[in-house]
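Residue numbers for the sequence shown follow my numbering, so the first one is 1398 and each next one is one higher.
Below is one structure, written out as structure tokens; the observations come after it.
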Amino acid sequence: MKRHVAFIAAGIVSACVISTAAPKAAFAQSLDASSIEQQLKPKETQKTRSLTRSFAKPAETEDQKFLKALPTRGIRIEQRQKLDEIVKTNDLPRIDIEIKFDYDSASIKAESVPDVDELGKALTSDALKEYRIVLNGHTDAAGSNDYNQDLSDRRAASVRDYLITKFGISEDRLIAIGYGEERLKNVDDPLAAENRRVEVINLTSG
């Protein structure tokens, strides 16, 4: 009887270990527009409220002014650093989407077009249509730093252009930035597919 109880207890412990193991980072892949919308909806927290619309219509903060004036292309290094700081400090809503491109090209592969279409539907939904969005392009570590930087710039711009053309999104709403291999999602495998992605960030939160 004692051996039987011990066996059951061991089984319970094993199940707990399996169920609580930390999952590997996953792509927001094959999500529908509704799921993407939920990921990008503003977070109602005190921490982010300073960047948002308010019923009291307070004076604009310096961060709000910065985000409003941010150009949609050709972001300078100091502007990118400031933007990164705001995004991190305010924990702005974001989602990673693996978008496949033709080899050595910024042309979106046909198999990834449905995912970009779902993103477009989400960005034109009532919940998100008022917000400025950043499209950050990321590559893996294959190739030189300069090559990957240029490629990520062009691919982020390609997604931006597609969304503007197909969904009629205002050009001022979409900001394209390339990060090259600077921010690997999987640092243990620099060539992993999950490093080749577009990070979508909602700049206005709360």
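Just so you know, even glycine gets a beta-carbon here, dropped at the ideal spot from N, CA and C.
None of the values given here were measured: they were computed from a predicted structure.
Spatial distance of residue i from residue j (CA atoms)
i     : j     : result
D1586 : A1538 : 9 Å
L1489 : V1556 : 21 Å
S1567 : L1516 : 15 Å
S1504 : E1459 : 37 Å
A1589 : E1495 : 12 Å
T1445 : K1465 : With a pLDDT of 45 at T1445, under the threshold of 50, the modelled position of that residue is not reliable, and the figure given next carries that caveat. So the alpha carbons of these two residues sit roughly 16 Å apart.
R1473 : K1563 : 28 Å
D1558 : N1542 : 24 Å
K1628 : A1553 : Beyond the ends of the chain as shown, which are 1398 and 1603, falls residue 1628; an answer cannot be given.
R1593 : I1574 : 14 Å
P1468 : E1482 : 17 Å
Q1476 : D1499 : 30 Å
D1569 : Q1461 : 15 Å
D1429 : T1486 : 28 Å
V1595 : G1540 : 18 Å
R1529 : D1512 : 20 Å
V1484 : V1531 : 10 Å
E1457 : Y1544 : 39 Å
N1533 : F1463 : 18 Å
First through last residue of the beta strand (DSSP E) which encompasses residue i
i     : result
L1571 : 1571-1575
I1472 : Unbroken run through I1472: none, as it is neither H nor E.
S1596 : The displayed chain sequence assigns Glu, not Ser, to residue 1596. Start and end: 1594-1599.
L1437 : Per DSSP, L1437 belongs to no beta strand (DSSP E); it is in the alpha helix (DSSP H), 1430-1437.
I1530 : 1530-1535
Cβ neighbour criterion (16 or more within 10 Å) applied to residue i
i     : result
D1501 : exposed
R1470 : exposed
L1600 : buried
G1352 : A question about residue 1352 goes unanswered here, because the residues of the chain that appear run from 1398 up to 1603.
Q1443 : In this predicted model, Q1443 has a pLDDT of only 40, less than 50, meaning its place in the structure is not dependable; the value taken from the coordinates is given anyway. Exposed is the call here.
Range of the contiguous alpha helix (DSSP H) that encloses residue i
i     : result
D1514 : 1510-1520
D1547 : 1542-1564
D1460 : 1459-1466
I1496 : Careful: I1496 lies outside any alpha helix (DSSP H) and carries neither H nor E.
Own chain, CB closer than 7 Å to residue i, minus 5 neighbours either side, in chain order
i     : result
I1492 : A1425, I1433, Q1436, L1437, V1597
R1580 : H1535
K1497 : K1506, E1508, S1509
Q1546 : G1575, G1577
A1524 : E1434, K1438
K1518 : A1430
L1548 : T1536
I1561 : E1568, L1571
Same chain, Cβ closer than 8 Å to residue i, five either side skipped, listed in chain order
i     : result
K1526 : L1520
D1514 : K1563
N1583 : A1422, A1589, E1591, N1592
G1565 : T1521
Cutoff 6 Å; reference residue i; Cβ partners in own chain excluding five residues on either side
i     : result
S1431 : none
D1550 : G1575
Short CB-CB distance (under 8 Å) between residue i and chain C
i     : result
R1552 : Judged by its chain identifiers, the structure shown contains no chain C, having just a single protein chain.
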